[in-house]
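For reference, the structure discussed in these notes is given below.
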Ligand code: ADP
Ligand code: MG
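Numbering (the numbering used here), first residue to last: 40 to 432.
Take a look at the structure:
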């Protein structure tokens, strides 16, 4: 089978009748720990994964953009820079690209038009952030083609602005930063307050396994909005901007003055911030037993205090934890109410983990899971066709 870069070039030629000039790629991601901490100005620890969105690009002489994707074949989408209009849900995936150019125009940046063809293997809507991979692959291409010289962080911020203001989803910045700035074989400890980030090596002895629960994901956005509001309620109680400026001792002391539910929401965020920093230290030190403990505590906190897990997800975590013991960690990843579980496990246990999932998850839940064996990839870049030779295609 052709590698994805070859497929992107082929789609480009089929669509536009000429060769593309350049290829760009951006990875999907998984968050190892630090859930619902991003919008509370806290810490997250994601890794970019070796599933990518690839786009073949040719610069145009005018300000027009034309785009196709093999995920939505048949239609060429077209718009002029600075004339994106309002988001139309009917336009579907193209809104992510229009959001990016609209954010550029709103920032006073210029852009040259481009023809682009998109392919990729980041599963759509699985919680591995195919949306950020799409935005960042596109943003990296625009940045180069229009010679803007934006830093990867600035590209990530532009993408977030597009998604917040044009697409209308109040996402945090984690997905865009990790897709733009990830490093091979590393996670990235991101401080969501000042956007500082620090690469953290993932020990060579560990496999990165992601399992999609394949539960339907109806509730997640509404529930996230409720959690945000609850966190804000605690911040308001203490007259602070965000939960980043609260510590666990102060929260404990005020416990009786807060509704119990609201107290537990804040306890998750504050303890998760601490666990995330500690998990970065544990990875750095190769202390897998400690990592295992922190990921287990994180899962329990999401389940009991933040109440964003589901019984099927807990089952999946238990199946994996039983095989792994102290030789790796496992927890739900993402905003919750379905989605994926992430595990970092000793290589030698990988086969046993996959076998346990296949033997037990569907029997216990009636749902077939999807297992992704991953490695931590580098952030977005310009590539050529040979880049993908060793990849998973
Ligand atoms: P996730 O980011 O978890 O995969 P989202 O719902 O946030 O889920 O984003 C998925 C959406 O992103 C898709 O419905 C589609 O609109 C867009 N998208 C992602 N990858 C591609 C692609 N390769 N081609 C076209 N659209 C894509
Ligand atoms: Mg997304």
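Yeah, the Cβ is synthetic: ideal placement off N, Cα and C, and Gly gets one too.
Is the beta carbon of residue i less than 8 Å from the beta carbon of residue j?
i           : j           : result
residue 102 : residue 119 : yes
residue 433 : residue 337 : What the structure shows of the chain is the stretch from 40 to 432, and residue 433 is not part of that stretch, so it cannot be assessed.
residue 414 : residue 134 : no
residue 373 : residue 166 : yes
residue 231 : residue 369 : no
residue 352 : residue 396 : no
residue 365 : residue 328 : yes
residue 178 : residue 87  : no
residue 376 : residue 43  : no
residue 245 : residue 385 : yes
residue 157 : residue 108 : yes
residue 380 : residue 371 : yes
residue 378 : residue 256 : yes
residue 322 : residue 240 : yes
residue 61  : residue 421 : yes
residue 392 : residue 249 : no
residue 445 : residue 197 : This structure does not reach residue 445, given that the chain is present from 40 up to 432, and the question cannot be answered.
residue 81  : residue 168 : no
In the DSSP assignment, find the unbroken beta strand (DSSP E) run with residue i in it and report its ends.
i           : result
residue 237 : 236-240
residue 48  : Unbroken run through residue 48 is the alpha helix (DSSP H), 43-55; no beta strand (DSSP E).
residue 84  : Premise fails: residue 84 is in no beta strand (DSSP E) and is neither H nor E.
residue 126 : Counting along the chain, residue 126 falls outside any beta strand (DSSP E), and DSSP gives it neither H nor E.
residue 155 : 153-159
residue 58  : It is not in any beta strand (DSSP E) - residue 58 carries neither H nor E in the DSSP assignment.
residue 104 : 103-108
residue 119 : 116-119
Since residue i and residue j are thought to touch, with beta carbons under 8 Å apart, how far apart are those beta carbons, to the nearest angstrom?
i           : j           : result
residue 65  : residue 172 : 5 Å
residue 252 : residue 355 : 6 Å
residue 59  : residue 96  : 6 Å
residue 139 : residue 174 : 6 Å
residue 105 : residue 93  : About 17 Å; that fails the 8 Å criterion.
residue 85  : residue 226 : 7 Å
residue 279 : residue 285 : 6 Å
residue 276 : residue 297 : 6 Å
residue 189 : residue 182 : 5 Å
Between which two residues does the alpha helix (DSSP H) holding residue i run?
i           : result
residue 182 : 169-184
residue 139 : 133-145
Complete beta strand (DSSP E) runs within the region 341-379 (minimum length 3 residues, chain order): 367-372
Contained alpha helix (DSSP H) runs [length at least 4] in the region 252-329, N- to C-terminal order: 259-276, 287-292, 299-324
Every unbroken alpha helix (DSSP H) within the region 190-246, with a cutoff of 4 residues, ordered by chain: The region 190-246 is shown to contain whole alpha helix (DSSP H) runs of 4 or more residues at 191-200, 213-220, in chain order.
At least 3 beta-carbon pairs within less than 8 Å: the region 342-352 vs the region 299-310: yes
Contact between the region 73-82 and the region 199-216 (3+ Cβ pairs under 8 Å): yes
At least 3 beta-carbon pairs within less than 8 Å: the region 293-302 vs the region 269-284: yes
Beta strand (DSSP E) runs wholly inside the region 402-426, at least 3 long, in chain order: With a minimum length of 3 residues, the continuous beta strand (DSSP E) runs that stay inside the region 402-426 are 409-413, 420-422.
Cβ contact (3+ pairs, closer than 8 Å) linking the region 200-211 and the region 123-137: When Cβ pairs closer than 8 Å are counted between the two stretches, the region 200-211 is seen to touch the region 123-137, the count reaching three or more.
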